[in-house]
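*Asks:* Input: one structure, supplied below.
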Amino acid sequence: MSLGANEAMTVRTDASRSVVTLSRRKRTRYAWAYLFVLPQVVFFAAFTIYPIAMSYVYSFYEWSGIGPLEDSVGWSNFSELLRDPAFWNAFRNSLIYIGATAAILLPSSLLLALVLNRAVFRGKVFYRTVYFLPVVTAASTVGIVMKFIFGNENALVNGLLLKLGLLSEPVPWLGQAGTAMGVLVLVGSWKFFGMAMVYWLAGLQSLPGEAFEAARIDGAGSAQVLRYVTLPLLRPVAAVVLLLTVVNSMHVFDLVKTLTGGGPFYATETVDLYIYNYAFNTSGFPRIGYASAAGIVFGLAIFLLTLLLGWLVQASRERGERPRRAAAARGGGRE
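Here the UniProt record's numbering is used: the first residue of the sequence shown is 1, the next is one more, and so on.
As structure tokens, then:
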């Protein structure tokens, strides 16, 4: 009896030692993980969290960015901002750009994704790469190049359209309010076209094959399969693509700055360029406090829009699960 008790005690001691050893290894592994993450956390706090927090402080001061914060103006920056027609013009331009870009990108990228997703299509890897190249190209570089293409009467687009007989005289594409915004929307859509296409392709390749087999057995044609099977199943993917397109369209400063500069006559000035002009105004007196107030107001608007789109994504995902479950049930019943 005593020998058995000694053996049991030895087993318990060995088990407790192994638990202690595992906990030490676990703590060591966690310590190394936190050590490697620490530099990123420090940089994120210094260059993201701190500027965002201080922008709320600056918005209550009339401050040029030089010297101490002394001239407190309370809510004056916000009241002046909300009464400024130039701000609402920039806000409207931002919404126009976001809406027009989404309206162009979603259907066109889906159409190309449907073509490239066909198994019989040759060279689809090459075309996917070609269409994705603008996404990884710097937007400032794209803006400079496109300015040479559209920028003046002797530019490439005017010369080509004149030779084809589609124009009788050159068009100042970036010198007119309507055409300048149209060019900006087209270039922005082309810039992010490949990203939307890749998400559509990922969604198409994740669709259940049972749904398409059941539709073919029922005698559905290609158009019917697209309308009643593919598009309903892609509803959650469409909501995600819309969300990402809107988020990307909000960050258009570098493209606008290099392509149109906000002109002509502020026709393409977006909110981020409006903020930049007040915060880093070299011809006048920089107003960091006023620019911070504009950034806060626009950030709140973006936050509300993102919440709305997030709700749309969740609702679309829940609705998209119904056709999947129905298709899986039909496929299982046929088996």
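Glycine included, each C-beta is placed from N, C-alpha and C at the ideal position.
These numbers were taken from a predicted model, which means no experiment stands behind them.
Since A215 and V229 should fall inside the 8 Å C-beta cutoff, what is the C-beta to C-beta distance between them, to a whole number of angstroms?
*Replies:* 5 Å
*Asks:* Could you pull the DSSP bridge partners for Y61 from this structure?
*Replies:* According to DSSP, Y61 shares a beta bridge with S72.
*Asks:* Can you check which of these residues, V271, L204, I275 and Y199, is closest to L242 by C-alpha distance?
*Replies:* Y199
*Asks:* Three-state secondary structure (DSSP) at T48?
*Replies:* helix
*Asks:* Tell me whether the stretch 66-81 and the stretch 182-191 touch, counting them as touching only if at least three CB pairs, one residue from each stretch, are closer than 8 Å.
*Replies:* No, the stretch 66-81 does not touch the stretch 182-191.
*Asks:* On the CB-based measure, 16 or more other CB atoms within 10 Å of its CB, does L3 come out buried or exposed?
*Replies:* Confidence in L3 is poor, its pLDDT being 45 and thus under 50, which makes the residue's placement unreliable; the coordinate value appears in the next sentence. Result: exposed.
*Asks:* Answer yes or no: does any C-beta atom of chain C fall closer than 7 Å to that of Y127?
*Replies:* Any reference to chain C falls outside this structure, which holds one protein chain only.
*Asks:* Could you give the DSSP three-state label for T260: helix, strand or coil?
*Replies:* coil
*Asks:* In angstroms with no decimal places, state the Cα-to-Cα distance between V145 and V135.
*Replies:* Those two C-alpha atoms are separated by around 15 Å.
*Asks:* Please report how far the alpha carbon of N93 lies from the alpha carbon of T268, in whole angstroms.
*Replies:* 6 Å
*Asks:* Can you grab the Cα-Cα spacing for the pair A53 / F253, in whole Å?
*Replies:* 22 Å
*Asks:* Please go through the same chain and pick out, in chain order, the residues whose beta-carbon is closer than 7 Å to the beta-carbon of G203, but skip the five residues on each side of it.
*Replies:* L234 and V237
*Asks:* To the nearest angstrom, how far is it from the Cα of R334 to the Cα of V115?
*Replies:* In this predicted model, R334 has a pLDDT of only 46, less than 50, meaning its place in the structure is not dependable enough to derive any value.
*Asks:* If we ignore side chains and look at the alpha-carbon of each, how far apart do G159 and G151 end up?
*Replies:* 12 Å
*Asks:* Could you give the C-beta distance for P286 and S59, rounded to a whole number, given that I count them as a contact under 8 Å?
*Replies:* No, P286 and S59 are not in contact; Cβ-Cβ is about 14 Å, not under 8 Å.
*Asks:* Counting only the same chain and skipping the five closest in sequence on each side, list residues whose C-beta sits under 7 Å from that of Y61.
*Replies:* L69, D71, S72, V73 and G289
*Asks:* Just the C-alpha distance for N117 and V41, rounded to the nearest angstrom, thanks.
*Replies:* 40 Å
*Asks:* Taking 7 Å as the threshold (C-beta atoms), are T245 and L105 in contact?
*Replies:* Cβ atoms of L105 and T245: closer than 7 Å.
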